[in-house]
Amino acid sequence: MVGGAVRTRRLPRAERERQMMDAAVRVFGRRGYRGASMDEVAELAGVSKPLVYLYLKSKEDLFTACIRREAKALSDAVRAGVADASLPADRQLWAGLHAFFRHTAEHPDGWAVLHVQARTHGEPFAAEVAAMREELVALVTHLIAVGARAAHRDPDLPEREVAGLAEALVGAAESMAAWANATEGVSARQAAATLMNFAWAGLGNLTTGRPWTPPPP
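Sequential numbering from 211 applies to the sequence shown in the numbering used here.
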């Protein structure tokens, strides 16, 4: 102790930034962009507010950095879940959904930042989330298309034929993740199984040429 002040251990810049980002995600996820304060982020991270500004410039820059970090982490988790290309399409989709729900359950503040906060504060925040969502939709589109091509024995079946299904499935997963995080006792495995039971029966029929058709007008 020097001059009555406690000397704190100096941390590498990357570790210090991670601490501040962790704190910021927690504050933004629970209080929203407008309700969050840099003072609270600094206090939670155990640093001074000037240091937060030194590393991350402004509240807007900090929020954008949080969105990008959480979006990348979620995308990486889903991609890791479907990494085994030797599995059939339904098993890959199951693995991807399970990874999605496991990640959103383990990182509820990060999911709140992506699913609620970023979308409700306009550009450029919403655009960051839209880019992540497009990536997930493209991944799911590919998985469904692989299953449809195998079932129809048509390797040239265009992905646009199933793109709408992928949009619907990703939207359902987003809604179910919000519900699962707010409902006590719902595990990631249960959420993924529920969505597979809801979606794959229909997708399976479609890929094998037995789609449901509406009655004539």
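Even for Gly, the Cβ is constructed at its ideal location relative to N, Cα and C.
In summary, Trp410 is buried, with 16 or more beta-carbon neighbours lying within 10 Å of its beta-carbon over all protein chains present. Arg289: member of the alpha helix (DSSP H) spanning 269 to 291, first to last residue.
The continuous alpha helix (DSSP H) containing Glu344 extends over residues 335 to 362.
It is roughly 6 Å from the alpha-carbon of Glu377 to the alpha-carbon of Val347. The C-beta of Phe238 has 16 or more other C-beta atoms within 10 Å across all chains shown, which makes the residue buried.
Per DSSP, reduced to three states, the secondary structure at Asp366 is coil, with no helix or strand assignment. Under the three-pair Cβ rule at 8 Å, the stretch 294 to 308 counts as touching the stretch 395 to 403. The DSSP-derived three-state label of Glu394 is coil. Assigned with DSSP and collapsed to three states, Leu254 falls in helix.
The alpha-carbon of Ala287 is positioned some 26 Å away from that of His331. Distance from the Cα of Glu371 is smallest, within the candidate group Gly357, Gly242, Gln302, for Gly357. Sequence-distant Cβ neighbours of Asp319 in its own chain, meaning closer than 8 Å and more than five residues away, are Val235, Arg236, Phe238, Gly239, Arg240. The stretch 242 to 254 and the stretch 263 to 273 touch, with three or more beta-carbon pairs separated by less than 8 Å.
Beyond the five residues adjoining it in sequence on each side, Glu369 comes within less than 7 Å, by CB distance, of Thr351, His352, Ala355 in the same chain, given in chain order.
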